[in-house]
Amino acid sequence: MSEIRDIGLWESGKRKIDWVRRNMCLLRSVEEQFREERPFDGLKVALSIHLEAKTAYLCKVLAAGGAEMFITGSNPLSTQDDVAAALVHDGLNVYAWHGATAEEYHRHISAVVSAGPNIIIDDGGDLVNMIHNEYPELIPNVIGGCEETTTGIIRLIAMNKAGQLKFPMVLVNNARCKYLFDNRYGTGQSVWDGINRTTNLIVAGKNVVVAGYGWCGKGVAMRAKGMGASVIITEIDPIKAMEAVMDGFKVMKMEEAAKIGDLFITVTGCRDVITEKSFMNMKDGAILCNAGHFDCEVDVAGLKKLAVESKPARANIDGYKLPNGNNLFVIGEGRLVNLAAGDGHPAEIMDMSFAIQALSAAYLVKNKDSLDDMIIAVPEEIDSDVANRKLKFWGLEIDSLTREQEKYLNSWQID
Ligand SMILES: NC(=O)c1ccc[n+]([C@@H]2O[C@H](COP(=O)([O-])OP(=O)(O)OC[C@H]3O[C@@H](n4cnc5c(N)ncnc54)[C@H](O)[C@@H]3O)[C@@H](O)[C@H]2O)c1
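Remember, this note's numbering sits 416 above the position in the sequence shown when you count from 1.
Pasting the structure below:
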């Protein structure tokens with residue numbers, strides 16, 4: 417029994433899924449492979465990822481491999497009701513709707529976890545957390561899982577250090593075919609898509625402040641520069657700060673950046689990156705948004721308390737009037753701007769990330785009796801397989817090492 421907004425929306429959802437399928441060549445090849453190999457026959461897969469068309473296609477690929485799917489979103493604002501309807505129309509189990517309250521969101525995750533999954537596909541750690549904390553009796557059913565994002569991985573590593581992680585998890589985010597493309601080019605493009613379509617304002621000439629110069633921040637800053645913004649980076653890591661300087665950006669503390677920024681984007685995976693102290697220093701009309709996994713980077717709750725007046729300024733943008741008379745604007749309630757105010761990463765990017773998810777899930781099943789560690793890196797064969805499939809699709813060939821070159825690269829003695 418699914419729990420979605422309206423099954424009648426399925427046709428629009430199907431069109432969206434058909435569109436991304438056309439542009440996800442890797443997943444199409446994995447789908448073909450899975451139809452033949454049926455790696456998930458008899459297994460239940462629980463999945464919690466932003467529920468839009470690309471995720472829906474991943475769900476269909478896993479189902480083509482024999483999985484009984486139990487699906488929820490990973491953020492109430494990123495769920496698309498028509499896409500959810502299309503999946504239910506195809507016989508998959510979905511528990512999600514756009515704009516779910518905290519209580520509904522929790523109920524939806526519970527529904528997926530209580531199905532008793534054998535494989536978990538997580539984005540940010542919500543499923544893994546819930547099964548450990550609320551359904552420990554279901555842990556023995558779990559073969560393992562895959563984690564999509566940086567923030568989820570930080571949580572998993574902390575859990576494992578504390579001896580609390582009870583089944584193996586593959587760190588999908590840390591595969592090169594994931595973070596080098598999804599975090600950098602995917603976030604770089606989709607964050608701007610979300611901001612631009614929501615604000616309809618010019619980027620050129622603006623002071624854009626990017627908090628965090630990790631893989632995502634690099635992409636967001638690079639594209640801001642390309643659109644003619646003057647980019648300011650805030651960091652806590654001195655090496656990343658140096659990288660930003662040498663990439664041609666200004667680096668300063670948030671306290672200082674707050675005074676001159678026109679548009680602020682947090683993408684740190686940390687909390688309280690922009691708080692009251694900064695709000696009060698900002699220019700009238702400054703716009704704030706977040707691209708990090710959780711909505712705790714811009715302290716929207718603090719801003720609401722501070723504001724003397726708040727009202728919607730435009731679809732998906734809220735305005736807050738401060739006691740000093742200045743107005744600040746927040747896009748998508750401070751949740752992931754590319755998903756809360758856009759359609760997420762381009763299909764070709766999620767194609768790579770989701771091919772790794774699908775192949776890693778099949779790897780877990782195949783190797784379930786020999787998995788010793790709780791924290792598992794994506795095997796190099798999967799990373800290279802995904803890259804090779806992509807190059808082949810692009811019609812590109814690359815060189816390979818001769819035997820002499822291989823020997824040279826692996827030797828320590830000079831001939
Ligand atoms: N929006 C998306 O679609 C999307 C995609 C991938 C990842 N993410 C999320 O984005 C966040 C960042 O991911 P990443 O892969 O770039 O991580 P990363 O670890 O590569 O980079 C994070 C950077 O933020 C810096 N940082 C931490 N705390 C800070 C603070 N208080 N102020 C300034 N800088 C700070 C770190 O030093 C680091 O350089 C995570 O929450 C991740 O889950 C979002």
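C-beta: ideal position from N, C-alpha, C; glycine also.
Secondary structure note for Tyr736: its beta strand (DSSP E) is the uninterrupted segment 733-737.
Note that the C-beta distance between Gly708 and Val683 is below 8 Å. At least one heavy atom of ligand 1 sits closer than 7 Å to the Cβ of Glu651. Distance from Val528 to Thr495 at the Cβ level is roughly 13 Å; contact not present, criterion being Cβ atoms closer than 8 Å.
The alpha-carbon separation between Ile618 and Trp608 amounts to approximately 11 Å.
Of the candidates Trp810, Leu825, Gly811, Leu825 places its Cα closest to the Cα of Leu817. The beta carbons of Val461 and Met485 sit about 6 Å from each other, so the pair counts as a contact at 8 Å. The C-alpha of Phe665 is placed about 14 Å away from the C-alpha of Met643. Taken from the Cβ of Tyr601, every heavy atom of ligand 1 lies 7 Å or farther away. Residue pairing by DSSP places Ala771 opposite no residue, since no beta bridge is assigned to it. Scanning its chain for C-beta atoms nearer than 6 Å, with the 5 sequence neighbours on each side dropped, one finds around Val558 the residues Phe583, in chain order. Pro556 carries a helical assignment under DSSP once its states are collapsed to helix, strand and coil. Excluding residues up to 5 positions away in sequence, Asn732, Ala756, Ala757 lie with their Cβ nearer than 6 Å to the Cβ of Gly748 in the same chain. In this structure, DSSP gives Ser526 a helical state, which the three-state scheme calls helix.
The residue among Met585, Trp631, Asn623 with its C-alpha nearest the C-alpha of Leu596 is Trp631. In the three-state reduction of the DSSP assignment, Tyr521 falls in the helix class.
If you draw a straight line from the Cα of Gly579 to the Cα of Asn706, it comes to about 32 Å. Glu651 and Met575 have their C-alpha atoms roughly 26 Å apart. Counting of Cβ neighbours within 10 angstroms places Trp828 among the exposed residues, the total staying below 16.
Residue pairing for Asp538: DSSP places it in a beta bridge opposite Glu563. Judged by the Cβ position, Trp513 fails to qualify as a neighbour of ligand 1 at the 7 Å threshold, every heavy atom of the ligand being at least this far. Counting of Cβ neighbours within 10 angstroms places Lys782 among the exposed residues, the total staying below 16. Note that the stretch 491-507 touches the stretch 738-754; at least 3 beta-carbon pairs, one per stretch, sit closer than 8 Å.
With a cut-off of 8 Å on Cβ pairs, the stretch 587-602 is not in contact with the stretch 687-707, counting fewer than three such pairs. Pairing Gly561 with Val544 gives a Cβ-Cβ distance under 8 Å. Here the distance from the Cβ of Lys656 to the nearest heavy atom of ligand 1 is below 7 Å.
Residue pairing of Tyr511 in beta bridges, as defined by DSSP: Glu419.
Three or more pairs of CB atoms, one per stretch, sit closer than 8 Å, so the stretch 426-433 contacts the stretch 459-476. Secondary structure remark: continuous alpha helix (DSSP H) runs of at least 4 residues inside the stretch 586-670, in chain order: 603-615, 631-642, 654-662.
DSSP, read as helix, strand or coil, puts Glu725 in strand. Asn549 sits in a helix when the DSSP states are folded into three classes. When rounded, the separation of the alpha-carbon atoms in Asp734 and Ala771 is 37 Å. Around the beta-carbon of Pro728, fewer than 16 other beta-carbon atoms lie within 10 Å, marking it exposed. If you draw a straight line from the Cα of Met417 to the Cα of Glu448, it comes to about 28 Å. Taking each of Ser646, Val647, Val667 in turn and checking the Cα distance to Lys656, the smallest one comes out for Val667.
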